[in-house]
Structure formats: C-alpha cells, structure tokens
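Comments concern the structure below.
Here it is in structure tokens:
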C-alpha cells in the first residue's frame with residue numbers, strides 16, 4: 048500500500064478524501080490533489096467502504112492519517128449477512144454493473160438479488176455478459192427478454208477479445224459504477240481492459256500493522272475526472288438488505304406493474320386468490336423463473352425478519 052503522507056506539521060491537519068481501496072480495517076484514500084495515502088479509521092464503530100467520502104486528519108505527532116468521519120452518502124449498496132444484518136458494500140454509486148458469463152454457469156437468482164439491492168438503493172442496474180465470444184449463451188433468450196422488459200439493459204462483451212468493450216466504456220462515462228458478480232466471471236479482466244493505465248491486481252495480499260496478511264476487499268479506479276469504477280470481489284451468493292417487505296418488488300418492476308390489478312391491495316402474489324401476478328405466470332405473460340426468484344426473495348425476507356425478532360426477544 049502507498050505510504051506517502053502530507054508534509055509534517057506541528058498540528059493536526061484536516062482534509063477530505065475518497066476511499067479508493069479497503070484492506071480489512073486499513074484503507075487507502077485519495078485527497079483532492081490526487082495523492083493517495085494509507086489511513087486507518089478512528090475506533091471500530093466507523094463503517095467505511097470503497098467509494099466513501101471521508102474526513103481525514105494527518106497527525107504529525109504520530110505520523111499517521113486517521114479517518115475521523117464518513118461524509119453523507121448519496122447511495123449505499125449493502126448486503127445481508129447470514130443473520131440478516133446489513134453490511135455495506137460500496138458507497139456513492141450511480142450504477143451497478145452485474146457481470147455474468149458462460150463460465151461459470153450463471154446463477155440468475157444471484158443476478159436478481161443484485162438488481163433488487165441496486166433498485167432498492169436508488170442505483171441503476173445493468174447486466175454485462177462477459178465472455179460473449181464463447182459459443183454458449185450465458186443468458187437464454189427468454190430470460191434476456193424478461194430483463195429488458197423489466198427495464199434492465201444488457202450489454203454483451205468480451206474482455207479477452209475486446210468485443211464490444213467500447214459499449215461498456217460508454218456506460219461508465221460520467222458515472223460512479225461498481226462491477227459485481229460471481230467469482231470467475233472475468234471481472235478482473237474487464238477492469239484491466241477498462242482501466243488499462245492503472246495497476247489492477249485483484250485479490251492482492253498486503254500486511255496490516257501486525258504483520259497479518261489481508262486481502263483487498265474492493266478498489267476504485269478513476270477513469271477520468273467524472274468517472275469512477277469500483278471492482279468488488281466475486282461472490283458465491285448475495286442477499287440484498289430489505290428493510291421493508293415492499294422493497295422486495297423493487298427489483299421486479301414487471302410484478303409491480305401487475306400488482307394494482309390484484310383483488311387484494313396487500314396481495315403478496317404467492318397463494319392469494321384473484322392474483323394478477325399468478326395469473327400472468329400461468330398465462331405465460333410473466334417469466335416463470337423471474338417469478339420464482341421473487342418468491343425466494345419473499346421467503347428470505349421472512350426468514351430474516353424471524354431471525355431479527357428472535358434476537359430482539361433474547362436481548363430483552
């Protein structure tokens with residue numbers, strides 16, 4: 048990690064910066080002059096992620112930079128851990144590019160969960176199909192049509208051959224974007240192709256203050272003065288943080304559009320009578336796999352709500 052610090056002073060110097068890399072509880076920040084510095088948070092209560100804008104202090108006495116506060120976020124992409132507790136992933140995003148590929152076999156349920164999390168957070172969702180030079184189709188025609196009808200654009204490309212990379216580059220202009228997806232979909236290669244002038248090393252190991260190895264959680268790359276790209280580590284699964292049950296439908300606008308035609312205003316679109324959503328699935332007007340993904344998210348939300356209620360009861 049970079050170790051340069053501002054010139055020594057006789058007092059604490061304050062400045063604002065952007066978090067451009069996270070290494071466990073150690074961070075790398077970039078100040079307004081474009082200089083990068085190693086930094087640590089003040090205390091353990093500060094929740095800091097890549098993309099955050101932060102207030103920093105340079106303590107000349109101890110020759111270190113401390114992150115003292117996180118500035119207000121415009122957006123926050125978060126995930127739910129196994130207990131259903133929210134964990135921040137990246138901050139101040141304007142769009143989320145969910146990468147899938149022919150290899151490994153795409154988990155479209157994970158894709159749906161990312162899109163739901165993005166929509167609930169006020170972040171534009173976009174699907175990027177990498178390795179499109181390979182013969183097999185990562186996204187079946189019926190599913191591709193369903194996503195596009197739901198308002199989620201699809202861009203096909205290949206980081207290996209450069210196929211349609213210019214289309215992805217156009218998406219990134221004047222935006223703060225994050226690349227997310229399953230492990231092995233080629234996000235690292237995409238970042239290297241999209242930010243060729245930068246040192247792109249994913250899964251990079253570094254040592255913390257106590258000599259332990261830590262892995263880079265995420266890194267932000269400045270593409271130009273108005274464009275940033277955050278590379279988030281690959282995952283096997285992802286669960287969105289859904290504070291309210293209504294947020295479940297936010298990632299499924301095709302279901303939200305049908306809901307007003309249901310008999311009951313509070314219809315959950317599961318087993319209720321005279322449900323317009325279930326009728327659309329039965330009639331082939333609504334993608335059955337997307338509907339099953341919605342059902343799974345409802346069950347997941349219920350499981351998280353039950354777990355939170357149990358924890359609250361035990362703490363009394």
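In the working numbering, the protein residues as written are 48 to 363. All residues carry an ideal CB built from backbone N, CA and C; glycine is no exception.
Item to check | Straight-line gap, residue 304 to residue 156 (C-alpha atoms, nearest Å) | outcome: The count along the chain shown starts at 1 and reaches residue 304 at position 257. The count along the chain shown starts at 1 and reaches residue 156 at position 109. So the two alpha carbons sit approximately 21 angstroms from each other.
Item to check | Cα-Cα separation between residue 326 and residue 307, rounded to whole angstroms | outcome: As a working mapping, residue 326 is identified with position 279 in the chain shown. As a working mapping, residue 307 is identified with position 260 in the chain shown. Cα-Cα distance, rounded: 13 angstroms.
Checklist entry - Is residue 96 near residue 127, with beta carbons less than 7 angstroms apart? => result As a working note, residue 96 is residue 49 in the chain shown. As a working note, residue 127 is residue 80 in the chain shown. With contacts defined by Cβ atoms closer than 7 angstroms, residue 96 and residue 127 do not form a contacting pair.
Item to check | residue 183 beta carbon less than 7 angstroms from that of residue 206 | outcome: Position 159 of the chain shown holds residue 206. Position 136 of the chain shown holds residue 183. In this structure, residue 206 lies away from residue 183, with their beta-carbon atoms at least 7 angstroms apart.
Item to check | Backbone CA spacing between residue 66 and residue 274 [nearest angstrom] | outcome: Numbered from its first residue, the chain shown carries residue 66 at position 19. Numbered from its first residue, the chain shown carries residue 274 at position 227. Take the alpha-carbon of residue 66 and the one of residue 274: they are about 15 angstroms apart.
Next on the checklist: Applying the 10 Å Cβ sphere with the 16-neighbour rule, what's the burial state of residue 353?
Outcome noted: By one-based count along the chain shown, residue 353 stands at place 306. That one is exposed.
Checklist entry - Among 349, 181 and 79, which residue has its Cα nearest to the Cα of residue 103? => result Within the chain shown, numbered from 1, the residue matching residue 103 stands at position 56. The candidate whose alpha carbon is nearest that of residue 103 is 79.
Next on the checklist: Considering just the uninterrupted stretch of the beta strand (DSSP E) at residue 322, what are its terminal residues?
Outcome noted: Locating residue 322 in the chain shown gives position 275, counting from the first residue. It is not in any beta strand (DSSP E) - residue 322 carries neither H nor E in the DSSP assignment.
Next on the checklist: Quick check: residue 64 and residue 141, are their CB atoms within less than 7 angstroms of each other?
Outcome noted: Within the chain shown, numbered from 1, the residue matching residue 64 stands at position 17. Within the chain shown, numbered from 1, the residue matching residue 141 stands at position 94. Contact check for residue 64 against residue 141 fails: the beta carbons are separated by 7 angstroms or more.
Item to check | Own chain residues within Cβ distance below 7 angstroms of residue 123, not counting five before or after | outcome: As a position in the chain shown, residue 123 is number 76, starting the count at 1. Excluding sequence neighbours, residue 123 sits near 135, 138 and 168.
Item to check | residue 202 - containing beta strand (DSSP E), residue span | outcome: Translated into the one-based positions of the chain shown, residue 202 becomes position 155. For residue 202, the enclosing beta strand (DSSP E) starts and ends at 201–203.
Checklist entry - Mind checking whether residue 321 and residue 310 have CB atoms under 7 angstroms apart? => result Here residue 321 corresponds to residue number 274 of the chain shown, with the count starting at 1. Here residue 310 corresponds to residue number 263 of the chain shown, with the count starting at 1. Contact flag set, yes.
Item to check | Limits of the alpha helix (DSSP H) - the one that residue 236 falls within | outcome: Stepping through the chain shown from its first residue, residue 236 is reached at position 189. Taken as a continuous stretch (DSSP letters only), the alpha helix (DSSP H) holding residue 236 covers 234–241.
Checklist entry - Is the region 203–220 touching the region 266–281, taking contact as three or more C-beta pairs under 8 angstroms? => result Touching, per the Cβ criterion.
Item to check | Length of the line joining the Cα atoms of residue 74 and residue 289 | outcome: On the chain shown, residue 74 is found 27 positions in, with the first residue counted as 1. On the chain shown, residue 289 is found 242 positions in, with the first residue counted as 1. Taking the straight line from one Cα to the other gives about 28 angstroms.
Checklist entry - By the 10 Å Cβ neighbour count, where 16 or more other Cβ atoms means buried, how is residue 188 classified, buried or exposed? => result Position 141 of the chain shown, counting from 1, holds the residue named residue 188. Answer is exposed; the Cβ neighbour count stays below 16.
Checklist entry - On the three-state DSSP scale, how would you describe residue 298? => result Position 251 of the chain shown, counting from 1, holds the residue named residue 298. Here DSSP, grouped into helix, strand and coil, assigns residue 298 to helix.
Checklist entry - According to DSSP, is residue 221 helix, strand or coil? => result Translated into positions along the chain shown, residue 221 becomes position 174. Looking at residue 221 - three-state DSSP - the assignment turns out to be coil, as it is neither helix nor strand.
Checklist entry - Going along the chain, which residues of its own chain have a beta-carbon closer than 6 angstroms to the beta-carbon of residue 283, five neighbours each way excluded? => result Numbered from 1 along the chain shown, position 236 holds the residue referred to as residue 283. Counting only Cβ-Cβ distances below 6 angstroms, and skipping sequence neighbours, we find nothing.
Checklist entry - For residue 355, which option in 131, 109, 69 and 112 has the closest C-alpha, if you only look at C-alpha atoms? => result Position 308 of the chain shown, counting from 1, holds the residue named residue 355. Out of 131, 109, 69 and 112, 131 has the C-alpha closest to the C-alpha of residue 355.
Next on the checklist: Can you list, in chain order, the residues of its chain with a C-beta nearer than 6 angstroms to that of residue 314? Leave out the 5 residues immediately preceding and following it.
Outcome noted: As a first step, residue 314 must be located in the chain shown, where it is residue number 267. These residues qualify, in order along the chain: 322.
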